[in-house]
Amino acid sequence: MSGGNIILVTGGTGLVGKAIQTLVEKELKRPGETWVFLSSKDGDLTDPAATRAIFERHRPTHVIHLAAMVGGLFRNLRYNCDFLRKNILINDNVLESAHQHDVQKVVSCLSTCIFPDKTSYPIDETMVHNGPPHPSNFGYSHAKRLVDVQNRAYAQQHGRRFTSVIPTNVFGPHDNFNMQDGHVLPGLMHKAYLAKQSGEPFVIWGTGRPLRQFIYSLDLARLMVWALREYTEVDPIILSVDESDEVSIRDAAQMVLDAIGFQGQVVQDDSHADGQYKKTASNAKLRRYLPDFQFTPLRQAVQETVDWFVANYDTARK
Ligand code: NAP
Ligand code: GFB
């Protein structure tokens, strides 16, 4: 990518978008580049006319496409139809506008939670469409799988370089700390913050046994900028920590308690769903490109996120 490029980041005010903005402003921006970070206030991307207007205004040469209806297990369980429709609309509008405006490259986001529920492990990039996703988030999963199909269609018919990355569970500063709709780590951080203040028990939902690979948002941000600049395949690439970094929800919760300094009672409430037991993903393809990439150790990333949340409690999304 040469100078003079205009990089449009849809969903630029969210967890991943803010991490990219932090690193771009701190060290990754190249001379002559213009980076534009969008929020929904700049236009509703479910609306084709609003999407076209954004592309006409900014005339991007490259797009990192993050905008989506996003949420944890419990939000997905409640709104599968909304996750399906809104994300299909957003993705179709962004990719078609990128095509109409001759954008050189688009990097979109899938997720490791969209893979088949019944699968062998570790999961890899070839397995995206090999069977139905877990029922808890079938709406989100099918909308995201379609992005891979759209990318292939734009490549075949129009020669477009639209590709996608497949992040595992992401967390970090500027996350959504809402305890009903957010993901597990920010949800537990918010619960721990309140339990420490009130002296009430700290409640972990489900059995605590499911396994997850968590990637720090700043690490993902670095990898996404790399993908925009260096990754030339249309096929997706998983962006995840190593299989050996997988932890149980219970162990992750303990890291949150250690980080916030909670000494009170811990309750495991298995009346709530567990969701997928595991979705262990292989990062072998990423390691072939970037064998020496260093992920932030999980305990350190949890501590940094908790510190950010406590320092920004009044303005954090919750
Ligand atoms: P997030 O924090 O919820 O941010 C979502 C972003 O999309 C926000 O900037 C939001 O704008 C924007 N947005 C939502 N609906 C929109 C609409 N109709 N029109 C325009 N903008 C809209 O999400 P995130 O966690 O950063 O996720 C970013 C991407 O990574 C998503 O594609 C997600 O599917 C993917 N991903 C996330 C995870 C994870 O664990 N978080 C894991 C795998 C993949 P406002 O701020 O104005 O609402
Ligand atoms: O991050 P999360 O909500 O979604 O994690 P998934 C859910 C797991 O954490 C379940 C347990 O096993 C829950 O029982 N858990 C324990 C909690 N305490 C809590 C809590 O306070 N809040 C939450 N949220 N969970 C999502 C997909 O799956 O992964 C999305 O549904 C998305 O589509 C996301 O792709 C990355 O990891 O289970």
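The numbering of the sequence shown is this note's numbering, which starts it at 147 and goes up by one.
Heads up, the beta-carbon is just placed ideally off N, CA and C, and yes, glycines get one too.
Check: Unbroken beta strand (DSSP E) run spanning Y362, endpoints; Outcome: F360 to Y362
Check: Buried or exposed by the 16-neighbour rule on C-beta atoms within 10 Å, applied to R203; Outcome: exposed
Check: Sub-7 Å separation of F360 and L444 beta-carbons; Outcome: yes
Check: Residues near D190 in its chain [Cβ-Cβ closer than 6 Å; skip 5 each side]; Outcome: A196
Check: Where D365 falls, given that 16 or more other Cβ within 10 Å makes a residue buried; Outcome: buried
Check: Check: C227 C-beta below 6 Å from any heavy atom of the ligand NAP; Outcome: no
Check: Closest residue to S394 among G160, K425, C255 and R224 (Cα-Cα distance); Outcome: K425
Check: Exposure of G305, with buried meaning 16 or more beta-carbon neighbours within 10 Å; Outcome: exposed
Check: Three-state secondary structure assigned by DSSP to Q414; Outcome: strand
Check: Near the ligand GFB: Y339 beta-carbon under 6 Å from a heavy atom; Outcome: no
Check: Exposure of V295, with buried meaning 16 or more beta-carbon neighbours within 10 Å; Outcome: exposed
Check: Cβ contact check for the segment 217-232 and the segment 271-283: 3 or more pairs under 8 Å; Outcome: yes
Check: Three-way DSSP call (helix, strand, coil) for F455 in this model; Outcome: helix
Check: As assigned by DSSP and simplified to three states, the class of T265; Outcome: coil
Check: Proximity test, S310 beta-carbon vs the ligand NAP heavy atom, cut-off 6 Å; Outcome: no
Check: CA nearest to the CA of S254, picked from F308, I384, T272 and G318; Outcome: F308
Check: Nearest candidate by alpha-carbon position, reference F261, set K251, T272 and V252; Outcome: T272
Check: Contact check, K164 vs H336, beta carbons under 7 Å; Outcome: no
Check: Backbone secondary structure at K172 - three-state DSSP; Outcome: helix
Check: Cβ contact (3+ pairs, closer than 8 Å) linking the segment 402-421 and the segment 370-379; Outcome: no
Check: CB of V402 within 7 Å of CB of L334, strictly; Outcome: yes
Check: Beta bridge counterpart(s) of I200 as assigned by DSSP; Outcome: BP columns for I200 are empty, so no partner.
Check: Per-residue burial, E392 [other beta carbons within 10 Å of its own, 16 or more giving buried]; Outcome: buried
Check: Test item: CB-CB of E389 and P194 under 7 Å; Outcome: no
Check: Check: H329 C-beta below 6 Å from any heavy atom of the ligand NAP; Outcome: yes
Check: Burial state of D438, where buried means 16 or more other Cβ atoms lie within 10 Å; Outcome: exposed
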